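Residue numbers (this note's numbering): 291 to 428.
And the structure:
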């Protein structure tokens with residue numbers, strides 16, 4: 291598992307009530323793409339076959355697609371998955387799949403749009419569900 295970011299664009303009551311911080315997500319304190327590549331290689335040499343990318347919201351990293359590709363460069367890694375809030379799925383699913391992503395876990399806090407908004411602090415239920423639908427076509 292690689293923790294890619296502590297930032298998030300949602301403000302879930304149970305996680306990051308202050309949500310995403312102004313100034314964007316930086317990689318300060320988190321592994322660079324090259325460091326992720328080296329760590330993945332080391333774990334693969336010990337038998338690791340599955341990698342999960344997580345955060346905060348990992349897709350906020352500007353180099354997220356590059357990270358997927360870097361992990362996928364290792365032939366021993368058979369599965370690359372992400373845990374995400376799903377907000378960027380519709381926009382980025384194709385490039386993530388092309389880079390080597392094999393699985394997605396979307397945190398959907400409610401199937402009721404109003405309750406989803408109350409929990410996440412964002413009125414993004416329809417976008418998240420559209421992203422799931424879009425990704426399921428791959």
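We put the CB at the ideal spot given by N, CA and C, even for glycine.
Bear in mind that the values here come from a model prediction, so they are computed numbers and not experimental data.
**Message:** Below 8 Å, how does it come out for the region 373-390 and the region 344-364: are there three or more Cβ pairs, yes or no?
**Reply:** As far as the Cβ criterion goes, the region 373-390 touches the region 344-364, which means the pair count is three or higher.
**Message:** Can you give me the C-alpha to C-alpha distance between residue 293 and residue 319, rounded to a whole angstrom?
**Reply:** A straight line joining the alpha-carbon of residue 293 with that of residue 319 spans about 11 Å.
**Message:** Does the structure place the region 295-304 close enough to the region 326-333 that three or more beta carbon pairs sit under 8 Å?
**Reply:** No, the region 326-333 is not in contact with the region 295-304.
**Request:** Can you tell me which of the three DSSP states residue 367 falls into?
**Result:** Residue state, collapsed to three classes: coil.
**Prompt:** Between residue 325 and residue 384, what straight-line distance do the alpha-carbon atoms span, to the nearest angstrom?
**Reply:** Approximately 25 Å, taken between the alpha carbons.
**Request:** Note down the Cα distance separating residue 342 from residue 321, rounded to an integer number of angstroms.
**Result:** Rounded to whole angstroms, residue 342 to residue 321 spans 14 Å at the Cα level.
**Request:** Using DSSP bridges, identify the partner residues of residue 374.
**Result:** According to DSSP, residue 374 bridges with 396.
**Prompt:** In chain order, what residues of the same chain lie with their CB nearer than 6 Å to the CB of residue 380, ignoring the 5 residues before and after it?
**Reply:** Cβ neighbours of residue 380 within its own chain (closer than 6 Å, five residues either side excluded): 420, 421 and 424.
**Asked** According to DSSP, what are the bridge partners of residue 342?
**Response** In the DSSP output, where bridge partners are listed per residue, residue 342 has 371.
**Item:** DSSP-derived helix/strand/coil call for residue 379
**Value:** Of the three classes helix, strand and coil, the one that applies to residue 379 here is helix, per DSSP.
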